[in-house]
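One structure is given here, and the rest of the page talks about it.
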Amino acid sequence: MNPDIKRLDTSVLAVGDKLPVLQVDISAQKIIAAAAATRDWQPLHHDYAFATQKAGTPDIIMNSPTQAGWISKYLTDWAGPLARVQRMSFKMKDAICPGSALCFEGVISRVEDRVDEGLALEVEVLLTVAGDFKTKARVLMMLPNEQLQNPWSGL
């Protein structure tokens, strides 16, 4: 293992710990590029006229694979390169549109040392815009522990 890789100190993680807040400015370009990257050609994600006139949304909207990707990035940027997202579920309450300042907030809801499997960490992630709830996610992550230095090994 590369000794220069910065690792999260998992020995101090506890239920209720808050992750740093991340704010991302959402543009039409980000929404359209991500929809194209996920091969989601629904006009709701790239056609303003369709989105506003036919679908009744205030603008084009971010798709669910993009939200999953941003949630994963938020967590792995915090936890480090050895962290692994094992399971994710989320519920979208409201659309995320261009011009939004999207805030990611996370709280640790479970910590379990699975010895030979690594440290299991469940995190609740909330996505908001101007304080309004947009998406809520529950994510199970695996992190290194004393017995398993790399939760990616053995996959």
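For the sequence shown, the working numbering assigns the number 1 to the initial residue and increments by one for each residue that follows. Glycine included, each C-beta is placed from N, C-alpha and C at the ideal position.
Taking only three categories from DSSP, how would you classify residue i?
{"i": "Lys30", "result": "helix"}
{"i": "Glu117", "result": "helix"}
{"i": "Ser64", "result": "helix"}
{"i": "Ile108", "result": "strand"}
{"i": "Ala79", "result": "helix"}
{"i": "Gln23", "result": "strand"}
{"i": "Ser11", "result": "helix"}
{"i": "Ser153", "result": "coil"}
{"i": "Ser89", "result": "strand"}
{"i": "Ala51", "result": "helix"}
Please list, in chain order, all residues of the same chain as residue i whose beta carbon is under 8 Å from its beta carbon, the five residues on each side excluded.
{"i": "Phe50", "result": "Pro43 and Leu44"}
{"i": "Thr52", "result": "Pro58 and Asp59"}
{"i": "Asp4", "result": "Bear in mind that a pLDDT of 49 at Asp4, under 50, signals an unreliable position, so the number given afterwards is only what the model happens to contain. Once the five neighbours on either side are set aside, Asp4 has no close Cβ partner at all."}
{"i": "Met92", "result": "Ser64, Gln67, Lys134 and Thr135"}
Beta-carbon within less than 6 Å of residue i's beta-carbon, same chain only, minus the 5 sequence neighbours each way: which residues are those?
{"i": "Ser100", "result": "Ile26 and Val129"}
{"i": "Ser153", "result": "none"}
{"i": "Leu126", "result": "Glu105 and Lys136"}
Throw me the rounded Cβ distance for the residue i and residue j pair, which I believe falls under 8 Å.
{"i": "Lys136", "j": "Phe90", "result": "6 Å"}
{"i": "Asp140", "j": "Gln86", "result": "Checking the sequence shown, residue 140 turns out to be Leu, not Asp. Going by Cβ atoms, the distance from Leu140 to Gln86 rounds to 5 Å, so yes, they are a contact pair."}
{"i": "Ile108", "j": "Ala34", "result": "Wrong, their Cβ atoms sit about 27 Å apart, outside the cutoff."}
{"i": "Leu102", "j": "Gln23", "result": "7 Å"}
Residues bridged to residue i by DSSP?
{"i": "Ala35", "result": "The partner list for Ala35 (beta bridge, DSSP) is empty, contrary to what the question assumes."}
{"i": "Glu124", "result": "Val107 and Arg138"}
{"i": "Leu102", "result": "Val24 and Val129"}
Within the same chain, show all residues whose beta-carbon is closer than 7 Å to that of residue i, passing over the 5 residues directly before and after it, in chain order.
{"i": "Val12", "result": "none"}
{"i": "Ala55", "result": "Leu44"}
{"i": "Ala36", "result": "none"}
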